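Participant:
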Amino acid sequence: MTAFRHRSPFLLLPLLLLLPSPGMTYTYSVSGDAIGDDGDIAFVSGGMFFSHASIGLDEDAEVLNISSAGDPRGFFSYLFSVDKNAQGLARTAVRKYYESELSTHRASDDLFQPGDDPAKGTIINRIFAEGISHPHEMDAYDAETLRAGDRIYFGASGRSVEGAELAANVIYTAVIGDDESKGPGTFATAADLGLKAGDAIDALDLVDINKDGRFDSGLDLLVFSLTLDSPSFVSGYQIYTAWNGSLVPLVRSEDLGLRDSDELDALAHAPEPASLALLGGGLIGLLLGRRRLPRAG
1287 MTAFRHRSPF LLLPLLLLLP SPGMTYTYSV SGDAIGDDGD IAFVSGGMFF
1337 SHASIGLDED AEVLNISSAG DPRGFFSYLF SVDKNAQGLA RTAVRKYYES
1387 ELSTHRASDD LFQPGDDPAK GTIINRIFAE GISHPHEMDA YDAETLRAGD
1437 RIYFGASGRS VEGAELAANV IYTAVIGDDE SKGPGTFATA ADLGLKAGDA
1487 IDALDLVDIN KDGRFDSGLD LLVFSLTLDS PSFVSGYQIY TAWNGSLVPL
1537 VRSEDLGLRD SDELDALAHA PEPASLALLG GGLIGLLLGR RRLPRAG
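Those letters in the sequence shown? Residues 1287 to 1583, per my numbering, in order.
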């Protein structure tokens, strides 16, 4: 893989999108980490519960987003969840589930993809089909099953097991269960991502090509969202990437069927045809005009 270390990962995407997808399995966390009766559950993967300490976090820390090392096949074919206040645009699946579940979790406990047909109810939420307990407000989602010894990538608030304050504009990484007395490592700093003090990463999806736990903007694939109150938030955009230390707005709200005031909670990917049209315009723009893309700040 070293031959590609200084080349843009986006040049490989047309080929990656044509490869077959592996079977989908699931990892998720929920708002407030309120899973079951035990407050010390950071995330669930393949039906197994994992503690905060398993990824170097204090029991009171909150996992804000999750990604596995990832498979590049189908990257940018978005699956996403939204927060409890998100309504979506009229005649979208997000709006349908927001209105049909107003008294409970609205659309925040569901998983969507661009182009979902609200009339057919083509919601992507296989978590329920597997019999896993109700996820409440889904804060994080990944299509892979993770086990002890696997590397995980995430954002978090609160403190590590060592008492260090966690920054919401940093992407952390840990090997699950490796050393429960040690805090997580850093995959990408705020400077790597072009973020400012006060920025908060809300949703996250990435592929660590070398699986070495260090972000390489010329090789790794990375998309994320920001909270609406983040100083670097760009109005009209939901999804961002980072290139050579600069924040790059990538996908507009309307392309996901969302309002500008809606927030994403989770991002993941799977090679679904409905998302390929959305990828096309953004990919061409990155390939042909990367230096002219709008930058935050």
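Even glycine gets a Cβ: it sits at the ideal position worked out from N, Cα and C.
As the structure is a computational prediction, the values presented were derived from the model and not from experiment.
If we count Cβ pairs, one from each stretch, closer than 8 angstroms, do we get three or more for the segment 1460 to 1469 versus the segment 1360 to 1372?
Facilitator: no
Participant: For ALA1477, which residues of its own chain have a beta-carbon under 8 angstroms away from its beta-carbon, when the five flanking residues on both sides are left out?
Facilitator: GLY1531
Participant: What are the boundary residues of the beta strand (DSSP E) that SER1315 is part of?
Facilitator: 1313 to 1316
Participant: Between the alpha carbons of ASP1548 and VAL1368, how many angstroms are there, rounded?
Facilitator: 7 angstroms
Participant: State the beta-bridge partners of SER1367 as determined by DSSP.
Facilitator: ALA1552
Participant: Check whether the Cβ atoms of ASP1428 and ASP1551 lie closer than 9 angstroms to each other.
Facilitator: no
Participant: Mapping the DSSP letters down to three states, classify LEU1512 as helix, strand or coil.
Facilitator: strand
Participant: Determine the direct distance from the alpha carbon of GLY1333 to that of ASP1357, and round the result to whole angstroms.
Facilitator: 21 angstroms
Participant: Could you tell me the alpha carbon to alpha carbon distance between GLY1435 and HIS1555, rounded to whole angstroms?
Facilitator: As the crow flies, the alpha-carbon of GLY1435 is around 23 angstroms from that of HIS1555.
Participant: How is LEU1492 classed by DSSP in three states: helix, strand or coil?
Facilitator: strand
Participant: Roughly how many angstroms separate the alpha carbons of PHE1510 and LYS1382, rounded to a whole number?
Facilitator: 25 angstroms
Participant: Can you pull the DSSP bridge partners for THR1472?
Facilitator: DSSP, once it has assigned bridges, lists TYR1458 as partnering THR1472.
Participant: On the criterion of 16 or more Cβ atoms from any shown chain inside 10 Å, does SER1467 qualify as buried, or is it exposed?
Facilitator: Per the 10 Å Cβ criterion, exposed.
Participant: If we ignore side chains and look at the alpha-carbon of each, how far apart do SER1419 and SER1394 end up?
Facilitator: Residue confidence for SER1419 is low, a pLDDT of 49 falling below 50, so the modelled location carries little weight; the figure read from the coordinates is stated next. Roughly 15 angstroms separates the two Cα atoms.
Participant: Can you give the Cα-Cα distance for PHE1329 and SER1315, rounded to whole angstroms?
Facilitator: 5 angstroms
Participant: Going by C-alpha to C-alpha distance, which of ASP1546, VAL1447 and ASP1491 sits closest to LEU1514?
Facilitator: Measuring from the Cα of LEU1514, the nearest candidate turns out to be ASP1546.
Participant: With a threshold of 8 angstroms, establish whether the CB of GLY1401 neighbours any heavy atom of the ligand MN.
Facilitator: The ligand MN is absent from the structure shown, which contains no ligands of any kind.
Participant: Excluding the 5 residues preceding and the 5 following SER1446 in the sequence, name in chain order all residues of the same chain whose CB lies nearer than 8 angstroms to its CB.
Facilitator: GLY1342, LEU1343, ASP1344, ALA1347, LEU1452, GLY1469 and PRO1470
Participant: Decide if LEU1301 is buried, meaning its Cβ has at least 16 other Cβ atoms within 10 Å, or exposed.
Facilitator: At LEU1301, the pLDDT of 40 sits below 50, so the modelled position is not reliable and the matter cannot be decided from this model.
Participant: Rounded to the nearest angstrom, what separates PRO1400 and SER1331 at their Cα positions?
Facilitator: Going from the Cα of PRO1400 to the Cα of SER1331 covers about 24 angstroms.
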